[in-house]
Amino acid sequence: MNAVNDPDIASVGETLRLAQDAILSDPTQLATQFVARLYECKVQDSFHVITTNLSPILSKLVQDSRSPPEPTLIPSRGFLTPPGGQLVQTLVGHSASAAYGLAATSDGKCAVTGSHDGVVKVWDISDGSLLLTVPEAGEEIGLVTCCCDDDIIVTSSKSGLSAISFETGEILHRVETKYFESYPPFTVAGKNGSKIVFLKEKGLHVISTSSGKFLHQFSSINPVGSAGQNSLLTSWNDTVLCNSKEDENSLKVIDTNSFKNTLFHQGF
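Every number in this note's numbering is 901 more than the matching position in the sequence shown, counting from 1.
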């Protein structure tokens, strides 16, 4: 029972959480991680690292780790993030080398990631556990957001947009785009992100987040750059800000409630 509050066990547990990505890739790095992370310092807060002595148990663990049973690289001193710092979890699970899409739920309890393997994953931030996996959510996912009171996940990938049920992982609807070399820019607008606003080869489109129903198209607004790479698109409530191919150095302000181009700012 006392082991739960034992500081040495807590330090080892957090060290393993910090090191899990490296250890899962190469189990022989276990000894390396102990030596590199358990050293005589303590993170007091984000601005202060104070010198402290390791307990006899942790000192013995580091000493033993310097003579591992299998050949491995052992650092001469500790240098990686130690337990007690700001980094508390490493989320491991995507098979692709990079995860570019990242979002958090409004309550801060879950993280949503999307990577080049086309998979979306939902994680519990408190303990790093994997809650949901959505395969084939797109091709090389680059953008992820949560909306509609965190009921829906929207992703943008090389193949287009996908709206996904946060609870079940069901793909509610998709929008294919073929103009963009990477993922098409999009934003969510309206109450709780009830509308998805995105660029296609021709026009700025607005659809319902929950159903995918077409709501409006702004034909005069088109992607900027040979493949839309210079397009700007953001929103706040019903208001969307964007540029357009015809006036790429100007900013258009759009009301997605009345579907009107309300303002035009030139020369930004």
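Even glycine gets a Cβ: it sits at the ideal position worked out from N, Cα and C.
Quick caveat, the model's predicted, so the values are computed rather than measured.
Contact set for residue i: own chain, Cβ-Cβ below 6 Å, skip 5 residues either direction
| i | result |
| --- | --- |
| T1163 | V1154, D1156 |
| S1120 | G1104 |
| M902 | Note on M902: pLDDT 39, under 50, position unreliable in the model; no value is reported. |
Residue i and residue j closer than 7 Å at C-beta
| i | j | result |
| --- | --- | --- |
| A937 | L981 | yes |
| S1125 | N1138 | It is worth fixing the name first, because residue 1125 is Val in this sequence and not Ser. No, the pair does not count as a contact, with Cβ atoms beyond the cut-off. |
| I958 | D909 | yes |
| F935 | S977 | no |
| V1098 | V1141 | yes |
| F1081 | A1128 | yes |
| T916 | P984 | yes |
Same chain, Cβ closer than 7 Å to residue i, five either side skipped, listed in chain order
| i | result |
| --- | --- |
| G1043 | Y1001, G1002, S1057, S1058, S1083, Y1084 |
| L1116 | K1096, V1107, I1108, S1109 |
| T971 | Note that residue 971 is Glu in the sequence shown here, rather than Thr. For E971, where only same-chain residues beyond five positions count, the Cβ hits under 7 Å are T929. |
| E1149 | V1125, N1131 |
| T973 | T929, Q930, A932, T933 |
Residue interval of the alpha helix (DSSP H) (run including residue i)
| i | result |
| --- | --- |
| Q921 | 908-926 |
| V936 | 930-938 |
Start and end residues, beta strand (DSSP E) containing residue i
| i | result |
| --- | --- |
| Q1130 | Unbroken run through Q1130: none, as it is neither H nor E. |
| I958 | Where I958 is concerned, there is no enclosing beta strand (DSSP E), although the alpha helix (DSSP H) it sits in stretches over 957-966. |
| T995 | Looking at the sequence itself, residue 995 is His, so the reference to Thr does not match. Looking at the DSSP string, H995 is not in any beta strand (DSSP E), and its letter there is neither H nor E. |
| H1017 | No beta strand (DSSP E) holds H1017; DSSP gives it neither H nor E. |
| F1087 | 1087-1090 |
| A1005 | 1002-1005 |
| R1075 | 1072-1077 |
| K1096 | 1096-1100 |
Sheet register partners of residue i (DSSP bridge)
| i | result |
| --- | --- |
| Q1118 | H1106 |
| T1056 | V1045, S1063 |
| E971 | E971 is not bridged to any residue. |
| T1034 | K1022 |
| D1148 | S1145 |
| D1156 | T1140, K1161 |
| T1135 | L1142 |
Close beta carbons around residue i, own chain, < 8 Å, minus the five adjacent residues each side
| i | result |
| --- | --- |
| L955 | L939, Y940, E941, V963 |
| N1093 | C1048, C1049, D1050 |
| A904 | At A904, the pLDDT of 49 sits below 50, so the modelled position is not reliable; the number obtained from the coordinates is stated separately. The residues are I910. |
For this session: Give a yes or no on contact between the segment 1062-1078 and the segment 1099-1112, applying the rule of three or more CB pairs nearer than 8 Å.
Result: yes
Problem set entry | Given 8 Å, three or more beta-carbon pairs between the segment 1032-1041 and the segment 1059-1071 | yes
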